[in-house]
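Before any comments, here is the structure.
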Amino acid sequence: MTRRLRRWAKRLGIILLELFVVVTLASVAYNTATAGRMKAATALYPGPFVRLDGKLVAYRHWGDRGSPVILLGGFVVPSFVWKQAGARLGRTHRVFAIDLPPFGYSERNGPYTLREWVSLVRAFAGHFGLRRPVVVGHSLGAAVAVGIPLWHQLETRGIVLLDGDALSAGGPGPWVSDLLVGPWFTSAYRIATGSNWIVRRALRDAAGPHHPPFTDDFLDQWERPFEVRGTLDAFRSMLQYGIQGFQLPDLRRVKVRALVLWGEHDTVDPVSAGRDSAKALRAPFRLLAGAGHLSMIGAPAELARAIDAFAGS
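Residues 162 to 474 (this note's numbering) make up the sequence shown, in order.
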């Protein structure tokens with residue numbers, strides 16, 4: 162290396178070091194200024210909550226009579242998305258939508274594993290006296306719905322998989338969580354989860370052609386759960402598990418009735434994946450017209466009718 166190149170390399174190194182220091186200081190300052198955004202779940206959501214196995218779990222409830230139905234959302238999907246479908250189902254069923262931690266407003270208290278979620282749903286059903294409920298799992302929640310009859314066969318009358326095939330997939334590996342440290346990751350998280358533009362873009366890609374207007378209030382319902390204290394650390398810890406679920410041979414061992422519903426415009430998980438899981442479960446497969454990956458907001462009426470017919474049969 163010539164003297165000139167060494168001199169330029171040294172200058173570049175100094176510039177990069179200075180940039181690193183400036184970005185770090187700016188990030189620390191930003192994090193300090195926005196620290197007040199992170200709050201306890203009870204400060205962001207009035208409830209209801211229930212304490213189960215040492216965790217404060219947020220939920221929503223519709224209907225006082227009829228057979229029990231439990232609704233489980235997917236990754237970062239809060240329980241408010243079930244509002245329209247839940248209200249319709251509540252006319253003839255006792256309906257409960259649970260915020261699986263670390264999503265929605267449930268307390269960020271791990272571990273965040275498939276067995277832990279199944280255990281929580283069982284504890285929830287026991288607490289409210291929901292004998293053999295129909296369990297509806299959306300996306301990631303589909304694996305939880307499958308886990309209940311697979312590990313505890315007599316505790317559900319049937320399961321519905323919604324926009325989720327319940328299958329596991331590889332993740333980035335535990336080493337990634339070691340990289341996502343420092344003030345920069347915290348800053349990036351707070352900027353991304355507090356940006357209406359970013360959240361609106363993500364929802365537009367997932368929701369499909371038919372969805373409610375993305376008003377500021379609607380977007381706030383999605384963004385506010387990211388402000389629950391401990392969420393960032395919870396997401397970081399989940400990386401070590403990858404996409405949790407089962408294999409097709411496991412689905413073939415499920416002995417309860419099942420139904421698979423899928424948004425016809427789902428671009429997150431292919432329709433073919435839903436058909437494969439339905440075949441393994443020996444279950445009917447049905448497309449929901451006009452819906453994307455978030456069928457509960459894209460086709461709430463059609464979804465409620467399908468679940469109602471399944472739960473009542």
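We put the CB at the ideal spot given by N, CA and C, even for glycine.
Counting pairs of Cβ atoms below 8 Å between the segment 254 to 267 and the segment 393 to 410, do you hit three or more?
-> In this structure the segment 254 to 267 touches the segment 393 to 410; the number of beta carbon pairs closer than 8 Å is three or more.
Return helix, strand or coil for H426, following the three-state DSSP convention.
-> Here residue 426 is taken as the residue at index 265 of the sequence shown, counted from 1. Three-state DSSP puts H426 in coil, outside helix and strand.
Local Cβ density within 10 Å of H454, reported as buried at 16 or more and exposed below that | Within the sequence shown, numbered from 1, the residue matching residue 454 stands at position 293. When all chains shown are included, H454 counts as buried.
Of the listed residues V242, R390 and R414, nearest to G298 (C-alpha basis) = Taking the first residue of the sequence shown as position 1, residue 298 is located at position 137. If we check each option's Cα against that of G298, V242 comes out closest.
Is the distance from the Cβ of F446 to the Cβ of G459 below 8 Å?
-> By 1-based counting over the sequence shown, the position of residue 446 is 285. By 1-based counting over the sequence shown, the position of residue 459 is 298. The answer is no: Cβ separation not under 8 Å.
Taking Cβ to Cβ, would you say K485 is nearer than 8 Å to R390?
-> With the chain running from 162 to 474 in the structure shown, residue 485 is simply not present.
Count the other C-beta atoms from every protein chain shown that fall within 10 angstroms of the C-beta of W278, then say buried if there are 16 or more, exposed otherwise.
-> Position 117 of the sequence shown, counted from the start, is the residue given in the question as residue 278. Looking at its Cβ environment, which holds 16 or more other Cβ atoms inside 10 Å, W278 is buried.
Could you say if the segment 223 to 231 and the segment 277 to 296 meet the contact criterion of at least three C-beta pairs nearer than 8 Å?
-> yes
Give me the Cα-Cα distance between A470 and A304, rounded to the nearest whole angstrom.
-> Indexing the sequence shown from 1 puts residue 470 at position 309. Indexing the sequence shown from 1 puts residue 304 at position 143. One C-alpha to the other measures close to 22 Å.
Closest residue to G369 among V415, D326, D430 and D377 (Cα-Cα distance) | Translated into positions along the sequence shown, residue 369 becomes position 208. Nearest C-alpha to G369: D430.
So, helix, strand or coil for V389, using DSSP?
-> On the sequence shown, position 228 is the one that residue 389 refers to. In this structure, V389 counts as strand in the three-state DSSP scheme.
Cα-Cα separation, R361 to F375 | Here the question's residue 361 lines up with position 200 in the sequence shown. Here the question's residue 375 lines up with position 214 in the sequence shown. Distance between the alpha carbons of R361 and F375 is about 7 Å.
Among S329, K216 and G224, which has the Cα closest to the Cα of V282?
-> Stepping through the sequence shown from its first residue, residue 282 is reached at position 121. Comparing Cα positions, the closest option is K216.
Specify whether the segment 377 to 391 and the segment 405 to 423 touch according to this definition: at least 3 beta carbon pairs, one from each stretch, less than 8 Å apart.
-> no
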